[in-house]
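>
Chains as they are written, first to last, in this note's numbering: chain A, 1 to 611; chain B, 1001 to 1360.
#1: Along chain B, in chain order, which residues have C-beta atoms closer than 7 Å to that of residue 485 (chain A)?
#2: Cutting at 7 Å between CB atoms, please list the residues of its own chain near residue 1257 (chain B), excluding the five before and the five after it.
#3: Taking 7 Å as the CB-CB limit, is residue 1009 (chain B) close to chain A?
#4: Report the three-state DSSP secondary structure of residue 1084 (chain B) (helix, strand or coil).
#5: For residue 383 (chain A), which three-state DSSP category applies?
#6: Residue 79 (chain A) and residue 51 (chain A) look like a contact to me (Cβ under 8 Å); what is the Cβ gap, rounded to whole Å?
#7: Closer than 7 Å by beta-carbon distance: list the chain A residues that pair up with residue 1025 (chain B), in chain order.
#8: If you follow the beta strand (DSSP E) that residue 1029 (chain B) is part of, which residue opens it and which one closes it?
#9: Compute the Euclidean distance between the alpha carbons of residue 597 (chain A) and residue 505 (chain A), then round it to the nearest angstrom.
#10: Determine the chain A residues that contact residue 1028 (chain B) at a beta-carbon separation under 8 Å, and present them in chain order.
#11: Would residue 172 (chain A) be called buried (16 or more neighbouring beta carbons within 10 Å of its own) or exposed?
#12: Find the nearest neighbour of residue 126 (chain A) within the set A:476, A:150, A:143, judged by alpha-carbon distance.
#13: In chain B, which residues lie with their C-beta within 8 Å of the C-beta of residue 534 (chain A)?
#14: Can you have a look at residue 1352 (chain B) and say buried or exposed, based on whether 16 or more other CB atoms are within 10 angstroms of its CB?
#15: Let me know if residue 1321 (chain B) comes out buried or exposed under the rule of 16 or more other beta-carbons within 10 Å of its beta-carbon.
#16: Kindly identify the DSSP beta-bridge partner or partners of residue 202 (chain A).
#17: 7 Å is my cut-off, CB to CB: does residue 1332 (chain B) come that close to chain A?
#18: Could you please give the first and the last residue of the uninterrupted beta strand (DSSP E) stretch that includes residue 1057 (chain B)?
#19: Would you call the region 1237 to 1252 of chain B and the region 1327 to 1339 of chain B touching, i.e. three or more CB-CB distances under 8 Å?
#20: Let me check you understand the geometry: is the CB of residue 377 (chain A) closer than 6 Å to at least one non-hydrogen atom of the ligand SAM?
#21: What are the start and end residues of each continuous alpha helix (DSSP H) run of 4 or more residues lying completely inside the region 551 to 588 of chain A, in chain order?
#22: From residue 1096 (chain B) to residue 1090 (chain B), what does the alpha carbon distance come to, in whole angstroms?
#23: Quick one: what's got a C-beta closer than 6 Å to residue 516 (chain A)'s C-beta in the same chain, skipping five residues either side?
#24: What is the rounded straight-line gap between the Cα of residue 70 (chain A) and the Cα of residue 176 (chain A)?
#25: Using a Cβ-Cβ cutoff of less than 7 Å, which residues in the same chain neighbour residue 415 (chain A) once the five nearest sequence positions on both sides are dropped?
#26: Roughly how far, in whole angstroms, is the beta-carbon of residue 179 (chain A) from the beta-carbon of residue 289 (chain A), given that I think they are within contact range, below 8 Å?
#27: Figure out for me which residue from B:1070, B:1271, B:1208, B:1147 has the closest Cα to the Cα of residue 1182 (chain B).
#28: Rounded to whole angstroms, what is the Cα-Cα separation between residue 438 (chain A) and residue 338 (chain A)?
#29: Of all the CB atoms in chain B, is at least one closer than 7 Å to the CB of residue 497 (chain A)?
#30: Could you name the residues that DSSP lists as bridge partners for residue 418 (chain A)?
#31: At a Cβ cut of 9 Å, what residues of the region 1077 to 1092 of chain B count as close to chain C, listed as they run along the chain?
#32: Which whole-angstrom value describes the C-beta separation of residue 943 (chain B) and residue 1143 (chain B), a residue pair presumed to lie in contact below a C-beta threshold of 8 Å?
#33: Here's the rule I'm using: 16 or more other beta-carbon atoms within 10 Å means buried, otherwise exposed. How should residue 551 (chain A) be labelled?
#34: With H, G and I counted as helix, E and B as strand and the rest as coil, what does DSSP make of residue 59 (chain A)?
#35: Under 7 Å between beta-carbons, which chain A residues line up against residue 1061 (chain B)? List them in chain order, please.
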């Protein structure tokens, strides 16, 4: 026998389940603390997806208990439930799912997550997974005990029966496994649920920890996220192999129909245009196209401008809920958010949302915390390998008032960043879904989003510094200057000096200052108006007198109002300039009210009443 | 007292300036020379280092400036109404505690009130003694053939600084201008850094043998110590030599006696003895007498480098000595002479060195 024939005898198919049994790190079960987090996360993701599909506000109960040497994980939801026949395959068959073949945003995609958790549980504890599910109030609940036959990748049902369950509908899964419960850091069951609560503000998540401590992540909104709809692939960025596969297996008989029906954003006109550009007969059978022709068609895709993919397939969190989510979990002084328009990579629509929280109780000297999310699922591990982190590191944060000691890298300061990528297909670096791959289109969208919120932060901070300057000046004026004036008058035994003119100067205000001098039975009045600001001030100045004035200069308008006269001047005074107004009245019975300024804000005028 | 009247007038003048600035609509401010190394220059008139033309301005435009002016006004009131009117006085530390009742004008630490008092000295061209403010530290001590009279609060006291004093010598009062020199039999004044060397010279009878008035300066000399050295020099026409350890920090002690201190350059004409000369320990003595030494630390090297750029050390003599020491990387204490015998310093080193300097 030839060697090759010998070898051929040993070759046999490997079951997916067997493969994962030996490569558990790929699915995120590489360490004891992490395995526990991953199991909880997979079960919670399934619950959130199911509730969203069914239009139910999720109410999820998570409990982690010690059970001898093992941990028991219980996750229970109020979702739509699973029909009895499907339960074994959903939980105990890898790569079984409803989402892999559709293009729409959901947390789960491949149908691996929960069954991998079941597999991990059975590998480490040897015990079956217990599931109860109920699909409606009038129906019985179904109880199953399941294991996976790893050789065949098929469920093994140890027990299945109808039982009583007090919930109207929902699903409960119970697994036992090796693990290790940590708290107090972000990479923990608590941290990952807290993050999940931020981007799922419509969900209530209750966590009961092993020592019995109960944490409730309360809802911030009663509004369900917009449902994501399934769409066709978008032509932008599709690859040749994918196109050839679509051409070969389509049931459409004509190329133009194929184009219109297979892709999103292509109508009759653009289908025709594509055929023209590729020099192909629109009536051809798609399956007949040869390699060269497919290549020409692909080239044509790149030449025409197709409208963006429909947004329906994505379910962004939205600026308001990002804000609500951040407010819920952090104490902050300022929050900026942005939602980028839908964009496309390799035919997959995606969009990026960014939130930035600043100040409050955040650490001033430590590195900024980055909350990463993909399709509303928090990414906890491998921060350094993720496109989100890389985009954050690429921004020059110093330009936006955050520290960045080495000129690049994660910024330092009292801030928290939230980045959410929503896509029909998130390009993860590995099956454990820890990090998003560095796809140029995605990197650039994150970069733009980060810079948008950073600009908002910079504007906020510069407004704050103007305000604090103003406050500082007010402190001088309200507390210190009057004290100095008082003390000086004590020491010198003179009247307190008028601090008005100095106040006007410090505040950059308009100063109105009236001198009165007695001459031959007349009071000669001189009003000096000085503009200490950097801007031209235009306004009216009124003097309300009980008698008519003489020697008025410059001329004023006079309006008699009952027994008083309103003298007013229209003035426009440039920065640093001043004007002098003079008039005289008889001294007997002359009394003066404050001059009145009309047309300016009260804060910028000193020495006059403002109307 | 005449002096009190002048002091009061100057302080009232300062208050009136601020008052008038308010009246004229000028943002109230005080201008002061800036007290940095870069702003001291040599005055050929008095042969001392004084502040240059660079000014800093305390104005009410900032909260800091406004608070400083408020404190200045409070302090002026205290000095006028409590100190001068009632002929009372306070120590620097007491002033800091008195401000406890000044609300937002309270000093945060004593360094702040000390500094403000120095500022007041500058703007009024007076000394803190004129404000009746005294330091906490004792003045240092004097031992030598000198008879003087001191005006104390309990009457006049006359004494001879060898015959009427104990082994520690005559304690210098904080206001040296209350002393009158009556007679002396001295040929020189020797300012000594350490107590050990001061006691050694007294024990060996150096003051009697060489007609030296010994002044123990106790580290960085207080104002009163510098003032008495200055007066001994200018009134009795005695040459002054300064005997310290041989390290960069001791050279600064010499500099503050002979050239003035950066912090108190406004008082240079009262406190500085420009003709004072550095006796030792010189870096060249380390080589010549093969003294036992310590290694220079990084801070010592740093201090030497800083002295090379200090205008007060900008002479060929100092340049040569400092560079020599930087090469040696060694320093020596005054007490190092004890290694050659207890009498070595008075029998050999000082006579040789003083002869070399042309003093004996």
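In this text, a Cβ means the ideal position worked out from N, Cα and C, and glycines have one as well.
Based on what the coordinates show:
#1: Mapped onto the first chain, residue 485 (chain A) falls at position 485. Within chain B, the residues near residue 485 (chain A) are 1022.
#2: Position 257 of the second chain holds residue 1257 (chain B). Same-chain partners within the cutoff: 1191, 1221, 1226, 1229, 1242, 1273, 1276.
#3: As a first step, residue 1009 (chain B) must be located in the second chain, where it is residue number 9. So, not an interface residue.
#4: Indexing the second chain from 1 puts residue 1084 (chain B) at position 84. It is helical.
#5: As a position in the first chain, residue 383 (chain A) is number 383, starting the count at 1. Of the three classes helix, strand and coil, the one that applies to residue 383 (chain A) here is helix, per DSSP.
#6: Residue 79 (chain A) sits at position 79 when you count from the first residue of the first chain. Residue 51 (chain A) sits at position 51 when you count from the first residue of the first chain. 5 Å between Cβ atoms; contact.
#7: Mapped onto the second chain, residue 1025 (chain B) falls at position 25. The contacting residues are 501, 502, 505.
#8: Taking the second chain and counting its residues from 1, one reaches residue 1029 (chain B) at position 29. Residue 1029 (chain B) -> beta strand (DSSP E) spans 1029 to 1033.
#9: As a first step, residue 597 (chain A) is located in the first chain; it is residue number 597 there, counting from the start. As a first step, residue 505 (chain A) is located in the first chain; it is residue number 505 there, counting from the start. C-alpha separation (whole angstroms): 18 Å.
#10: What you label residue 1028 (chain B) is simply residue 28 of the second chain in a count that begins at 1. Here the neighbours are 484, 502.
#11: The residue you call residue 172 (chain A) lines up with position 172 of the first chain. Buried is the call here.
#12: As a position in the first chain, residue 126 (chain A) is number 126, starting the count at 1. Answer by Cα proximity: A:150.
#13: Counting from one through the first chain, the residue named residue 534 (chain A) turns up at place 534. Residues of chain B passing the Cβ test: none, with the nearest at roughly 15 Å.
#14: Looking up residue 1352 (chain B) in the second chain gives position 352. Exposed, because fewer than 16 other Cβ atoms sit within 10 Å of the Cβ of residue 1352 (chain B).
#15: Counting from 1 along the second chain, the entry for residue 1321 (chain B) is found at position 321. So residue 1321 (chain B) counts as buried.
#16: Within the first chain, numbered from 1, the residue matching residue 202 (chain A) stands at position 202. Looking at the DSSP assignment, residue 202 (chain A) forms no beta bridge with any residue, so it has no partner.
#17: Numbered from its first residue, the second chain carries residue 1332 (chain B) at position 332. Answer no: the Cβ-Cβ gap between residue 1332 (chain B) and chain A never drops below 7 Å.
#18: The count along the second chain starts at 1 and reaches residue 1057 (chain B) at position 57. Where residue 1057 (chain B) is concerned, the enclosing beta strand (DSSP E) starts and stops at 1055 to 1059.
#19: yes
#20: Among the ligands in the structure shown, none appear at all, so the ligand SAM cannot be discussed.
#21: No alpha helix (DSSP H) of 4 residues or more sits fully in the region 551 to 588 of chain A.
#22: One-based indexing of the second chain puts residue 1096 (chain B) at position 96. One-based indexing of the second chain puts residue 1090 (chain B) at position 90. Spanning the two alpha carbons is a distance of roughly 10 Å.
#23: Here the question's residue 516 (chain A) lines up with position 516 in the first chain. The residues are 523, 525.
#24: Numbered from 1 along the first chain, position 70 holds the residue referred to as residue 70 (chain A). Numbered from 1 along the first chain, position 176 holds the residue referred to as residue 176 (chain A). Between residue 70 (chain A) and residue 176 (chain A), the C-alpha separation is close to 6 Å.
#25: Indexing the first chain from 1 puts residue 415 (chain A) at position 415. Around residue 415 (chain A): 356, 357, 358, 362, 368, 402.
#26: As a working note, residue 179 (chain A) is residue 179 in the first chain. As a working note, residue 289 (chain A) is residue 289 in the first chain. About 53 Å; that fails the 8 Å criterion.
#27: Here the question's residue 1182 (chain B) lines up with position 182 in the second chain. The shortest C-alpha separation from residue 1182 (chain B) is found at B:1147.
#28: Locating residue 438 (chain A) in the first chain gives position 438, where the first residue counts as 1. Locating residue 338 (chain A) in the first chain gives position 338, where the first residue counts as 1. Taking the straight line joining both Cα atoms gives about 21 Å.
#29: As a position in the first chain, residue 497 (chain A) is number 497, starting the count at 1. Look at residue 497 (chain A): its C-beta is under 7 Å from a C-beta on chain B.
#30: Within the first chain, the letter at position 418 stands for residue 418 (chain A). Note: residue 418 (chain A) sits in a beta bridge opposite A:355, A:371.
#31: In the structure shown, chain C cannot be found, because the protein chains are A and B.
#32: With chain B covering 1001 to 1360 only, the question about residue 943 (chain B) has no answer from this structure.
#33: On the first chain, position 551 is the one that residue 551 (chain A) refers to. Label assigned to residue 551 (chain A): exposed.
#34: Stepping through the first chain from its first residue, residue 59 (chain A) is reached at position 59. Three-state result, residue 59 (chain A): strand.
#35: Here residue 1061 (chain B) corresponds to residue number 61 of the second chain, with the count starting at 1. Correct list: 506.
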